[in-house]
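> I'd like to ask you about the structure that follows.
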Amino acid sequence: MRIHKAGFSVITVALLISGTLMTVLVLTKMPTWVLGGFGLIFFLLLAFIFRFFRFPNRKIEFDETMVVSPADGTIVAIEEVEENEFIKEKRIQISIFMSVWNVHINWYPVVGKILQSIHFDGKYMAAWLPKSSHENERSVVVIDTPKAGKILVKQIAGAVARRIITYAKPELECHAGDQLGFIRFGSRVDVLIPIGSEIKVQLNQKVTGGLTLLAKLPHS
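Residue 38 in this note's numbering sits at position 38 of the sequence shown, and the numbers go up by one each step.
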């Protein structure tokens, strides 16, 4: 199993802390049952961390009309919204909630050229709440697609996630299924696509990042 580079520092710190504490417990001659109990706790914690930062190998055959899921998780919203910050037009918003059990790598959902990539500080409300899209810490990426105009991707921090990593840079070309970034420990991703797109998912559906088809874009 590969580990994502976003987890290297977390895993290193966890190993150092676990190793140090176990050494202290051994040197203080704790009873065997105490050592075993702490050993089990440290093992389970490390297993969770390794699982959280797992890096699955995924490849998809795509075309310029496809919108693929940018994240693993559950569809919690499909709705028309007024996007007044960047695109300044109505869009269909598809929101994906990622629990701590999901892979937390984020993928580009479309083929296109990156126009903007901006990080905003904010609150840390539960990521499934609708207002988290506007009030939580978030990174916004605007992508110009070849045939359907601009789409927008939001990486949104949740109550636990407080570290958003975004690899997007203006003027770069992106392809559906390439890595967009990573969010640590529970979060949400919104995709805002043009009105008239053909939606291929439904509420409460489980989706797989880089693989599940969310929608087909209209021709502009």
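Cβ atoms here follow ideal geometry from the backbone N, Cα and C, with glycine treated the same way. Bear in mind that the values here come from a model prediction, so they are computed numbers and not experimental data.
1. Using 8 Å as the threshold, is the region 62-72 in touch with the region 106-120, meaning 3 or more CB pairs across them?
2. Give the range of the beta strand (DSSP E) segment to which Thr-74 is assigned.
3. Would you mind giving the Cβ-Cβ distance between Ile-75 and Gln-202, rounded to the nearest angstrom? I have them listed as a contact below 8 Å.
4. So, under 8 Å CB-CB, Asp-233 and Val-103 are touching, yes? Tell me the CB distance rounded to an integer number of Å.
5. Would you mind stating whether Arg-138 and Ala-168 have Cβ atoms separated by less than 8 Å?
6. Taking DSSP's pairing of strands, which residues face Leu-213 in a bridge?
7. Considering Cα atoms alone, identify which of Val-140, Asn-136, Ile-92, Val-191 is closest to Glu-85.
8. May I ask which residues mark the beginning and end of the alpha helix (DSSP H) holding Gly-19?
9. Tell me the residue span of the beta strand (DSSP E) that contains Ser-95.
10. Can you give me the Cβ contacts of Ile-60 inside the same chain, cut-off strictly under 8 Å, excluding the 5 residues immediately before and after it?
11. Would you please state the rounded distance, in angstroms, between the beta carbons of Asp-190 and Ser-117? I believe it to be under 8 Å.
12. Under the rule that 16 or more other beta-carbon atoms within 10 Å means buried, what is Ala-47, buried or exposed?
13. Could you tell me if Lys-88 is buried or exposed, where buried requires 16 or more neighbouring beta carbons within 10 angstroms of its beta carbon?
14. Just list the residues that DSSP pairs Glu-137 with in beta bridges.
15. Reducing DSSP to helix, strand and coil, say where Val-34 ends up.
16. Under 8 Å between the Cβ atoms of His-119 and Ile-164?
17. Just verifying my parser: in three-state terms, what is the DSSP assignment at Gly-177?
18. Could you check whether Leu-35 and Val-26 sit closer than 8 Å to each other, using their CB atoms as the reference points?
Concretely, from the data shown:
1. yes
2. 73-83
3. 7 Å
4. Nothing can be reported for residue 233: it is not among the residues displayed for the chain, which extend from 1 to 220.
5. no
6. Val-68
7. Val-140
8. 8-27
9. 89-98
10. Val-68, Ala-176, Gly-177, Gly-210, Leu-211
11. At roughly 15 Å, the Cβ-Cβ gap does not stay under 8 Å, so Asp-190 and Ser-117 are not in contact.
12. exposed
13. exposed
14. Answer by DSSP bridge pairing: none, since Glu-137 is not bridged.
15. helix
16. yes
17. coil
18. yes
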